[in-house]
Structure formats: C-alpha cells, structure tokens
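Enquirer:
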Amino acid sequence: MRRHRSRMLGWARHFVKQSAAAEDIVQEALLHSYNRLHTLREPEKFVGWLRAIVRNQALMELRRARKEYPVGAAPWNAEESAETFSSLLPSGQDQHGMTAEDPLLAERSWEEIQRLLSRLGDQERRVMYAHALAGLSVPETAEALGMKSGAIYTALSRGRRKLVEVRLDDEIEQYVAARKRRAAACSAEIPSARYHWFAGAYHTMAAMMLETMLASGQRGVSLTDVMGATGQAFRLYAAPRSGLSSVYAYDWGRDAQTGWRHLGFHSSVHGGAGQLLTRPEPLLEAMEQMQASIERGIPVMAWNVASAEFGLISGFDDRRAEWYVTDTTAHRKPLPYRKLGRLHPGAEWFVSIPGTRRPVLPQEMLHQVLLQTVRHAKGEEPAYFDGSPIGLGVYESWRDALRNDENIDMLTVAFHSAYVAEARTHAVHFLEQRLLNGIVGSLCHSAVPALQQALLSYRDTAEAWRQLSRIFPLTQGGRRMEPGPRDRATRLVERACRAEEKAVEALEEASAWLERVQS
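Quick note on numbering: the sequence shown equals residues 1 to 519 in the UniProt record's numbering.
1. Cβ atoms of alanine 489 and tyrosine 384: under 8 Å apart, would you say?
2. Alpha carbon to alpha carbon, what distance is there between aspartate 170 and arginine 115?
3. Taking 8 Å as the threshold, find out whether the segment 170-179 comes into contact with the segment 386-405 through three or more Cβ pairs.
4. Can you name the start and end residues of the beta strand (DSSP E) that isoleucine 439 belongs to?
5. Within the continuous alpha helix (DSSP H) that includes valine 247, where are the two ends?
6. Using CA atoms only, rank isn't needed, just tell me which of Trp513, Ala464, Leu263, Glu348 is closest to arginine 219.
7. So, helix, strand or coil for lysine 333, using DSSP?
8. Applying the criterion that 16 or more other CB atoms from any shown protein chain within 10 Å of the CB defines a buried residue, is glutamine 257 buried or exposed?
9. Under 6 Å Cβ to Cβ from aspartate 102, same chain only, skipping five residues before and after it: list those, please.
10. Measuring only the C-alpha atoms, how far is arginine 338 from valine 305?
11. Beta-carbon within less than 8 Å of lysine 180's beta-carbon, same chain only, minus the 5 sequence neighbours each way: which residues are those?
12. Figure out for me which residue from Glu285, Thr212, Ala347, Tyr237 has the closest Cα to the Cα of glycine 259.
13. Just how far apart, CA to CA, sit glutamate 432 and arginine 459?
14. Return the residue from the list Thr230, Glu189, Ala188 that minimises the CA-CA distance to methionine 208.
15. Starting from serine 469, trace the beta strand (DSSP E) both ways and give me its first and last residue.
16. Could you say which of Glu482, Glu463, Ala512 lies nearest to alanine 496 if we only look at CA atoms?
17. Across which residues does DSSP place valine 269 in a beta bridge pair?
18. Roughly how many angstroms separate the alpha carbons of leucine 163 and leucine 117, rounded to a whole number?
19. Quick one: Cα of glutamine 57 to Cα of leucine 9, how far?
20. Closer than 6 Å by C-beta to phenylalanine 350: which residues in its own chain qualify, once you throw out the five before and the five after it? Chain order, please.
21. In whole angstroms, what separates the C-alpha of glycine 274 from that of phenylalanine 198?
22. Under 6 Å Cβ to Cβ from glutamine 372, same chain only, skipping five residues before and after it: list those, please.
23. What are the complete beta strand (DSSP E) segments, minimum 3 residues, inside the segment 279-321?
24. Of the residues Gly346, Leu335, Ser307, which one's Cα is nearest the Cα of threonine 329?
25. Which of helix, strand or coil does DSSP assign to valine 221?
26. Compare the Cα-Cα distances from valine 413 to each of Met147, Pro485, Leu507 and report the closest residue.
27. Just verifying my parser: in three-state terms, what is the DSSP assignment at tyrosine 419?
28. Quick check on this structure: which residue in Leu443, Leu492, Gly438 has the alpha carbon closest to the alpha carbon of arginine 403?
29. If I measure Cβ to Cβ from glutamate 422 and keep anything under 6 Å in the same chain, skipping five residues before and after, which residues do I get?
30. Tell me which residue opens and which closes the beta strand (DSSP E) that serine 187 is part of.
31. Give the secondary structure of arginine 342 by DSSP, where H, G and I count as helix, E and B as strand, and everything else as coil.
32. Out of Gly228, Leu223, Ile152, Ser192, state which residue places its alpha-carbon closest to the alpha-carbon of alanine 215.
33. Helix, strand or coil: which one does DSSP assign to valine 360?
34. For glutamine 18, is the classification buried or exposed, using 16 other Cβ atoms within 10 angstroms of its Cβ as the cut-off for buried?
35. Taking the alpha-carbon of leucine 223 as reference, which of Val504, Phe430, Lys502, Gly217 has the nearest alpha-carbon?
36. With a CB to CB cut of under 6 Å and the five nearest residues on each side skipped, what residues in its chain are close to glycine 92?
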C-alpha cells in the first residue's frame with residue numbers, strides 16, 4: 001500500500017475528477033487485490049495486474065454512478081501499459097445493440113490502440129474513448145461529453161469506418177514490406193489481358209471469365225460457352241422496384257465457382273455480392289493468391305476495379321503499390337492496393353481466382369446446367385434480396401409493376417430488355433451447339449426432342465425481349481413510360497413468360513431423361 005497507493009490514485013484520476021471518488025476506487029481495488037493475490041501467477045507483472053484492477057473498478061464505478069468522464073483524457077498512461085486490451089473491456093450491448101467492446105480494438109496493445117485512435121478527429125476520438133474504451137453506454141457518453149445521442153451514434157459510425165480504413169492500410173503496408181523482405185517478385189503483368197468487343201457488354205461476369213481464359217492461353221471457348229456454364233444464359237433476377245441493379249442481384253461467388261467448375265477449373269472466391277471489406281485477413285489472403293495467379297499468367301476477375309461492374313486485374317507492382325486493371329471502360333488502369341474493394345464508399349468487394357485445371361465431362365456439365373436452370377426457374381434457389389423473386393417469378397413482378405403504373409423509367413426497361421434478350425440468345429446457341437455436336441444424341445437420344453422444344457421456346461423468349469428493346473432503346477434515357485408503350489411492354493413480357501415456361505418444362509423433361517441414363 002505504501003509503495004503503490006499514490007500511483008493507484010493517479011490511475012483512478014484518469015477516470016474521475018473528484019478526489020473522494022478516486023479514494024473510493026483505490027480502496028475497493030486494494031481490498032480486491034488483497035483478496036485475489038493468490039491468483040497472481042507472475043509476480044514480476046504485479047504492477048500491470050494491479051493497474052488492471054484499478055481500471056476495472058473505475059469502470060464499474062462509472063457505469064454504476066454515471067459519473068462524468070473527463071473529456072479528452074486518456075483512460076490510462078500508455079507508457080505504463082503493454083497489456084492487451086481485451087481483458088479490460090466491459091462486455092454487453094446497450095439498448096440499441098451497439099457493443100462497447102469494439103472488435104476493431106479488442107486484443108490489441110494499448111500503444112497500438114492509441115496510434116489508431118490518433119488518426120481520428122478530436123470528437124470521434126473522445127467518443128471512442130468513452131464508449132469503446134470506458135464502456136459507457138451511448139446515453140452516458142452523450143451526458144459525459146455534452147452531446148446528443150444522435151451525434152454519438154454518428155461519431156461512432158464515422159470513427160469506426162475510419163479505423164477500418166486505417167487498419168486495412170497499415171496491414172497492406174506491412175504485407176508489401178514482408179514480400180520485399182523475402183525477395184518475392186515485386187511486379188508482374190499479363191499484356192494479353194484486355195477487353196474485346198466480342199465479349200459482350202451486358203453480362204460482364206461472363207465476359208471477364210472469357211477474357212481470363214483467352215489471356216491465359218485457352219482457345220476454343222466462346223461467350224456462349226461461358227454464359228451457359230455459369231447459368232447466366234438461363235437466369236432472371238429482380239431487385240426491389242425492379243431497378244437497374246437487378247442484373248447483379250445474385251450470388252456472385254456461387255455462379256463464378258459453378259462456371260469455373262463447368263469450364264474445367266478449380267477456383268477460389270473472396271468477398272461477394274453485398275459483402276463489405278472490414279477486416280485485413282481476407283484481403284491479404286486474396287492479394288497473395290492474386291499475385292501468385294498473375295505470376296502464373298492467369299488474370300483475376302474482380303468487382304468494381306474501374307467502374308461498377310466486373311473487370312480484370314492483370315498486373316501488380318509492389319514498388320508503386322498498384323494493380324493494373326481492365327474492364328469495359330478502361331485498359332491497364334492503375335488501381336492502388338488500398339483501393340481494392342474500396343474504390344467507392346460502401347461498395348461490395350469480390351475477387352474470383354481461377355486455379356488448376358480439373359477434368360469435366362461435357363454431358364455432366366450439360367446435365368448440371370439443366371438441373372440448376374429448372375431449380376432457378378421454379379424459385380428453389382435462395383434469393384439475393386429477401387422476398388425478391390427469381391426465375392419465372394420475376395415475370396410476375398414486371399407485369400405487376402407495368403400494370404400498376406409504378407415508377408419504372410424507360411432506361412430500366414431498356415437495359416433489362418437488352419440484357420435478357422442477349423442472355424436468351426446465348427441460351428438458344430448453347431442448346432443448339434449441344435444438339436449439333438451430337439453430345440446429347442450419343443448420351444440419350446430420348447432427351448433430344450425435349451431440348452429441341454426448349455431451344456424453340458427460348459428463341460421465342462429472346463425475340464419478345466428483342467422487340468421490347470426496340471420499343472425502348474438504351475438511348476431513350478430515364479424518362480417515364482407513356483400508356484401506349486407501357487401496354488405493349490406488358491404484352492411482350494407476358495409473351496416472353498409463356499415461352500419461357502414452356503422452355504423450362506422441356507428442360508425438366510430432358511433433365512429427367514439424362515438422369516435415367518446416368519443412374
């Protein structure tokens with residue numbers, strides 16, 4: 001007590017202003033430490049152990065009595081602490097579900113925490129000290145700092161977002177430094193990786209998968225092959241209010257991995273639709289695999305590398321900390337390492353990396369595509385948006401939107417018309433190729449009539465969507481639809497739906513025949 005009491009009072013005064021309150025905290029901490037002395041396993045760490053007891057006692061007193069937290073004061077002396085932060089934080093959530101024990105700060109040394117928090121603005125830093133470190137609830141933090149609760153939530157959200165950015169940037173710097181220490185290749189590039197006009201512009205995932213294969217030396221594969229292998233030739237999705245984002249409202253990772261598997265590749269996926277980059281571990285793992293793939297001469301497919309669509313990453317340079325990216329809008333555009341998955345605030349991050357080759361039988365791939373198409377059309381796959389239709393159910397949502405005079409602009413209708421017309425044209429060509437090359441006939445002749453019927457029905461579906469795109473060409477922009485074009489659009493959507501329902505019935509019959517042969 002003689003040796004440490006004065007120091008303990010100093011620690012307590014970091015939390016409370018009143019001397020009497022600090023004395024109470026120290027008294028309780030002394031009693032607690034005396035009663036718990038037998039739990040101290042490493043006597044040389046007695047000072048740190050004692051300091052933790054004072055802090056915890058002070059935090060309990062603050063929460064119990066709602067005493068004022070000293071604005072701008074650090075909870076304890078950084079120079080005296082080398083302990084991890086996780087054992088010192090209170091647990092639990094306030095009534096709004098916000099956790100005081102922020103996972104961004106847990107299990108990090110106090111020196112590291114101070115360095116991270118120093119990158120915040122003054123108000124954000126004080127709020128993080130009070131809520132995430134001292135464990136005050138949002139109302140208590142607002143009272144202590146003389147702010148409104150809404151401002152506390154805003155500061156916490158903004159501060160946490162900045163901490164994510166800072167931590168990601170720091171980890172990237174350390175990753176690049178580690179590569180330099182182990183003498184890894186500092187740069188590599190695939191000059192043949194580029195975007196070609198024949199890759200199509202609407203289905204950019206399929207287009208970039210095709211460009212990946214071409215750049216890595218694969219020949220004899222077409223956009224139709226990729227559209228069929230991924231299932232995109234046969235799919236239809238919807239987002240709330242049937243907006244432009246509907247074309248991307250699916251599980252990117254699932255479709256990419258399925259497509260690569262059907263095309264004869266193993267693959268790995270990082271991130272996905274709706275996923276934000278908040279931790280460095282998945283990013284660094286992806287970066288390592290991406291650089292290894294580029295060194296092997298295989299580019300990487302990613303989302304939002306130059307614009308809000310899929311593109312290619314075909315090179316890297318550790319000295320500049322840059323990727324080289326290509327999509328429909330740019331070629332060999334530099335992208336800073338720190339911007340991968342963070343090119344725009346709130347954007348998803350996604351990387352698909354093709355791996356080693358795997359054997360694939362054409363008839364096995366065809367059967368899997370048919371099965372997946374039927375399940376999708378019947379709505380048996382999980383929807384990307386809760387409650388949003390997929391497959392044939394999308395037609396009903398479009399009919400309702402058109403009939404009920406909902407606010408669907410002409411640009412949305414024009415883009416979807418072009419998008420689906422292109423997809424169903426690829427569906428026709430995909431089935432046509434499988435019928436002409438004899439794969440289906442040699443495997444199961446009984447399935448041929450059903451596939452021929454599906455081909456004819458998809459041809460009718462594609463034609464209905466093409467006519468719709470002629471009524472609403474993409475150059476029309478975002479004007480509202482007039483009653484006449486709206487009525488014609490409704491009839492064409494109904495026609496496309498009837499034709500596609502017949503196509504799905506035929507595919508289901510063909511799939512059943514193929515199932516019998518394989519079993």
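We put the CB at the ideal spot given by N, CA and C, even for glycine.
Expert: This is what the structure holds:
1. no
2. 11 Å
3. Not touching, per the Cβ criterion.
4. Where isoleucine 439 is concerned, there is no enclosing beta strand (DSSP E), although the alpha helix (DSSP H) around it starts and stops at 439-443.
5. Here valine 247 belongs to no alpha helix (DSSP H), and DSSP marks it neither H nor E.
6. Leu263
7. strand
8. buried
9. Bear in mind that a pLDDT of 49 at aspartate 102, under 50, signals an unreliable position, so the model cannot answer this.
10. 12 Å
11. Cys186, Asp318
12. Check the Cα spacing between glycine 259 and each of Glu285, Thr212, Ala347, Tyr237: the tightest is with Thr212.
13. 11 Å
14. For methionine 208, the nearest C-alpha among the options comes from Thr230.
15. Not the beta strand (DSSP E): serine 469 falls in the alpha helix (DSSP H), residues 448-471.
16. Glu463
17. Ser352
18. 7 Å
19. 12 Å
20. Trp252, Gly271, Gly272, Trp303, listed in sequence order.
21. 29 Å
22. Correct list, in chain order: Gly231.
23. 300-303, 310-317
24. Ser307
25. Residue state, collapsed to three classes: coil.
26. Pro485
27. helix
28. Leu492
29. Tyr202
30. 187-189 is the extent of the beta strand (DSSP E) around serine 187.
31. coil
32. Ser192
33. coil
34. By the neighbour-count rule (16 or more Cβ atoms within 10 Å), glutamine 18 is not buried but exposed.
35. The residue from Val504, Phe430, Lys502, Gly217 with its alpha-carbon nearest to that of leucine 223 is Phe430.
36. Note that glycine 92 scores a pLDDT of 34, beneath 50, so its modelled location is shaky; the value from the coordinates is reported in the next line. If we look at glycine 92 and ignore the five residues flanking it on each side, it has no Cβ neighbours.
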